[in-house]
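Quick notes on the structure that follows.
In full-length UniProt numbering, the protein residues as written are 1 to 474.
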């Protein structure tokens, strides 16, 4: 989103309209190409940072690209601004004059920024060192791109302007009025009315920005018709934005909004818990940093997930294939295994374990004679467990049907091969989900009861942090 807004802003600031398309002296295409150039220069810098082994962290991935984009685009806008001024004062060697007037400023500013961030690499904190190193590299790439590649783009745009072709429409010529204006401007520059300098030094002219009188004569008056149009940046600022900001109510709203954002930012910073890894914050050379480095080298392990994607997977019929898929992953020497299986259980294996547990309760009730094996009816006065009741309902449920006759003693929730009964798979899955809901309610009620008894407490964990909230959305 940040890059998209930068594209819009860059194009809008350089917009000049003539009839039904961009004017000849518009620079929308040049500004968009400049943003692209800075973007790809930043990507190249990140690639070099990764190649030489600079570690990425939250600061480097979320801050550095946008920081370098802003600094790089600033130099690009400076070149564009002076490019338009140079065209109003110089007829020959425009790119050379532009680089002479602007290039030194860009180089000095960029080099100072690079040296400042390179000084930050002396800090012993790994996170700050990575941040400063990557920023310095990206700024170097941006400076080279702006000073070497972007002037070539400006030279191509200059050829387009000289041929009288529209911006972002090289096949279209400018309007006759636009051509007449540019011709008059070129004639005025040639006659020397806009060139100011000492002619006695080796025959060279040293142009300066045109006086205000000259600008008005050439049609570049700030009050000209071009700047009065509402869709230009100047027109929007002059007739809408600045009058809006000058209102007392607007000033009060700005002060209140900025103060509120500052206070909420401080409050959020105080309450934030997620941040950098401990290894990124500890200074190098300390005992804790050495311990973490040794642990990463010799005892490192990381969680991974194998995701099944698409809505065409038939989970009831592809259980065996899914299980074999997990077993094949477990054959890797880099996967931690327990008895030849992945160390972490997944949802279908946990569901299978739950179905086996309630099936045992149902089998016990059948052995005691509490449930009729033919009709599935519970005998009057029989006391059976809640798990047995759930298992009985699940055996009787398949799809949208509910029938216990002839199923209680024949149908198993999980067959002898270890696969869940395919006919009632999604019925069982729904029941398992609701059993989890019952767990949330039960544990939460116990915690609330002890809180009322004078022992403040609360449950924690993934189940309560992420899933319990959905119970109150139904």
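For every residue, glycine included, the Cβ atom is placed at its ideal position computed from N, Cα and C.
Check	Outcome
Scan the region 242-328 and note each continuous alpha helix (DSSP H) run of 4 residues or more that stays entirely inside, going in chain order.	242-245, 248-271, 278-281 and 287-298
In three-state DSSP terms, what is residue 65?	helix
Helix, strand or coil, according to DSSP, for residue 457 in the structure here?	coil
To the nearest angstrom, how far is the alpha carbon of residue 28 from that of residue 312?	47 Å
Just to confirm the assignment, what range does the alpha helix (DSSP H) spanning residue 359 have?	347-368
To the nearest angstrom, report how far apart residue 72 and residue 260 are at their CA atoms.	31 Å
Could you tell me the distance, in whole angstroms, from the CA atom of residue 219 to the CA atom of residue 88?	Residue placement at residue 219 is flagged as unreliable, the pLDDT there being 43, under the threshold of 50; the coordinate-derived value follows with that caveat. If you take the alpha carbons of residue 219 and residue 88, they lie about 11 Å apart.
From which residue to which residue does the alpha helix (DSSP H) around residue 27 run?	Unbroken run through residue 27: none, as it is neither H nor E.
Consult DSSP for residue 389 and reduce its assignment to one of helix, strand or coil.	helix
Near residue 145, what residues of its chain come up, given a Cβ to Cβ distance below 6 Å and the 5 sequence neighbours on each side ignored?	37 and 41
Look at residue 1 and residue 31 and say whether their C-beta atoms are less than 9 Å apart.	no
Need the endpoints of the alpha helix (DSSP H) that residue 148 sits in, please.	Residue 148 -> no alpha helix (DSSP H), and no H or E assigned at all.
Could you spell out where the alpha helix (DSSP H) holding residue 133 opens and where it closes?	126-144
Would you mind sorting residue 304 into buried or exposed? The rule is 16 or more other CB atoms within 10 Å of its CB.	exposed
Using the Cα positions of residue 385 and residue 393, report the straight-line distance between them to the nearest angstrom.	13 Å
What's the C-alpha gap between residue 62 and residue 136?	16 Å
Using 8 Å for Cβ pairs, my map puts residue 395 next to residue 420. What's the rounded Cβ distance?	Contact doesn't hold; Cβ gap of about 12 Å is too wide.
How would you call residue 39, buried or exposed, if buried means at least 16 neighbouring beta carbons within 10 angstroms?	buried
On the premise that residue 6 lies in contact with residue 35, defined as a C-beta separation below 8 Å, what is that separation, rounded to the nearest angstrom?	6 Å
DSSP on residue 398, reduced to helix/strand/coil?	strand
Note the first and the last residue of the continuous alpha helix (DSSP H) segment covering residue 10.	2-13
In whole angstroms, give me the CA-to-CA distance for residue 458 and residue 441.	13 Å
Measuring from the CB of residue 345, is there a heavy atom of the ligand ZN at a distance below 8 Å?	This structure simply doesn't include the ligand ZN, nor any ligand for that matter.
Starting from the Cα of residue 33, find the closest Cα among 8, 379 and 104 and give me that residue.	8
Let me know the secondary structure DSSP gives residue 335 once reduced to three states.	coil
Please name the residue in 390, 387 and 374 whose C-alpha comes closest to that of residue 406.	374
If I follow the unbroken alpha helix (DSSP H) through residue 56, where does it start and stop?	Looking at the DSSP string, residue 56 is not in any alpha helix (DSSP H), and its letter there is neither H nor E.
Bridge partners of residue 432, per DSSP?	BP columns for residue 432 are empty, so no partner.
Buried or exposed: which applies to residue 200, given that a residue is buried once 16 or more other Cβ atoms fall within 10 Å of its Cβ?	Legend: pLDDT at residue 200 = 36, less than 50; position of this residue unreliable, no value from coordinates given.
Where residue 158 and residue 4 are concerned, what is the direct C-alpha to C-alpha distance, given to the nearest angstrom?	26 Å
Quick one: what's residue 238 bridged to in DSSP?	Beta-bridge pairing links residue 238 to no other residue.
Which value, in whole angstroms, describes the spacing of the CA atoms of residue 123 and residue 113?	17 Å
May I ask you to list the residues that DSSP assigns as paired with residue 408?	According to DSSP, which records beta bridges pairwise, residue 408 is partnered with nothing at all.
So for residue 341, helix, strand or coil by DSSP?	strand
When the Cα atoms are used, what is the spatial distance from residue 510 to residue 156?	Any answer about residue 510 is impossible in this case: the structure gives the chain only from 1 up to 474.
Helix, strand or coil for residue 38 per DSSP?	helix
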